[in-house]
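What follows is a short report on a single structure.
Numbering (my numbering), first residue to last: 267 to 412.
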């Protein structure tokens, strides 16, 4: 059997690496979390449109796209609280201060969107708040300062 030159990987090694990566992603994002994002994102978008004064059809298209991104990011943050398979029905809180900041980021993003309805810069700020909450939730708990 011939070996690949140093620094190059064979197609079997590349496939194995991809399979391992996919297995890690599927372990952290089981079907229940994916379904939670699929259910929560439209509901959160409806809430964002409602706090902004109603119809999304009269808003600038950029605002609607940003509101959709805020909804998906917030739904993803909330989905990370669902328990992983095999851990029972207990909510996956993790580090309590970090978990509370992440959950509050969803509420703060909704408040920011509602503070200036249909304003694109405000929607960008809300997206930043939601992204901070998701990043806080996805980072390694061992890096938490608490």
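We treat Cβ as the ideally placed atom computed from N, Cα and C, and that holds for glycine. If you're wondering where the values come from, they're calculated on a predicted model, not measured in any experiment.
{"Check": "Would you call the CB atoms of residue 374 and residue 395 closer than 7 Å?", "Outcome": "yes"}
{"Check": "Check whether the region 343-357 and the region 381-395 are in contact - that is, three or more C-beta pairs closer than 8 Å.", "Outcome": "no"}
{"Check": "Measure the Cβ-Cβ separation of residue 333 and residue 306 and say whether it is below 7 Å.", "Outcome": "no"}
{"Check": "Who are the near neighbours of residue 325 in its chain, counting only those whose CB is closer than 6 Å to its CB and skipping five residues on each side?", "Outcome": "384"}
{"Check": "To the nearest angstrom, how far is it from the Cα of residue 286 to the Cα of residue 320?", "Outcome": "45 Å"}
{"Check": "At the level of alpha carbons, what is the spacing between residue 284 and residue 300?", "Outcome": "20 Å"}
{"Check": "Looking at the structure shown, is residue 342 part of a helix, part of a strand, or coil, going by DSSP?", "Outcome": "helix"}
{"Check": "Do the CB positions of residue 399 and residue 366 come within less than 7 Å of each other?", "Outcome": "no"}
{"Check": "Would you identify the three-state DSSP class for residue 267, choosing helix, strand or coil?", "Outcome": "Only weak support is given to the placement of residue 267: the predicted model assigns it a pLDDT of 48, under 50, and the value that follows is read from those uncertain coordinates. Coil."}
{"Check": "Where does the unbroken alpha helix (DSSP H) through residue 311 begin, and where does it stop?", "Outcome": "297-317"}
{"Check": "Who are the Cβ neighbours of residue 340 in its own chain at under 7 Å, not counting the five residues just before and after it?", "Outcome": "310, 372, 375 and 396"}
{"Check": "Are residue 389 and residue 329 close, meaning C-beta to C-beta below 7 Å?", "Outcome": "yes"}
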